[in-house]
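>
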Amino acid sequence: MQARSHLIFGVGATWLMHRTGWAASVHAWPLTLVGALLPDIDHPKSVLGRRIAPVSLLISGLFGHRGMTHSLLLPALAIAACLYGWGHVPAWMLALCAGYLSHLLADWLTPSGVPLCWPLRTRFRSPLYVTTGSSAEWCVAAALAFAMWRWW
Ligand SMILES: [Zn+2]
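Residue 67 in the working numbering sits at position 66 of the sequence shown, with consecutive numbering throughout.
Laid out in structure tokens, this is it:
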């Protein structure tokens, strides 16, 4: 999906955290949005990839697009590191991971799917999917935005 749709899904993650009582403060919002864009750091022309090109080029060269960064490995490692180091997962990390997972969910809705269990090559994809940049993608994002507005 495109960055704009990922941001809407990121807001959706924040909305879900708010609705379920996980969002401790509004300070988590920006991190959720960063998390929603973070997996595409593996693409040099992505929003974050253009801003930190050396890192993006390195990750892209090592793992390719929709490789390691589109799996559950990084959020799982981040949560494990927090639990090991601090004994709990701070709100800012929950927000970052929620945004990250929203990105994986959004890309799961595309024909390419996501390698959730990387380094295993199996890609997971929704049985109903939308092509990136298509009007169907905008309909999905708009429906999500409407649902959040309706049930905020
Ligand atoms: Zn992606």
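Idealized CB from N, CA, C, for every residue including glycine.
Reducing DSSP to helix, strand and coil, say where V56 ends up.
helix
> Taking contact to mean 3 or more Cβ pairs, one atom from each stretch, closer than 8 Å, check whether the stretch 63-72 and the stretch 105-116 are in contact.
yes
> For L32, which residues in the same chain have their Cβ closer than 6 Å to its Cβ, ignoring the five residues on either side in sequence?
W93, A96, L97
> Taking 7 Å as the line, does the beta carbon of R67 fall inside it for any heavy atom of ligand 1?
Flag set: Cβ of R67 near ligand 1.
> Just reading off the alpha helix (DSSP H) that I9 is part of, what are its end residues?
It spans 4-21 - the alpha helix (DSSP H) in which I9 sits, taken as one unbroken run.
> From R20 to I60, what distance separates their C-alpha atoms?
Between the alpha carbons of R20 and I60 lies a gap of roughly 35 Å.
> At which residue ranges does the stretch 75-107 contain complete alpha helix (DSSP H) runs of 4 or more residues, listed in the order of the chain?
none
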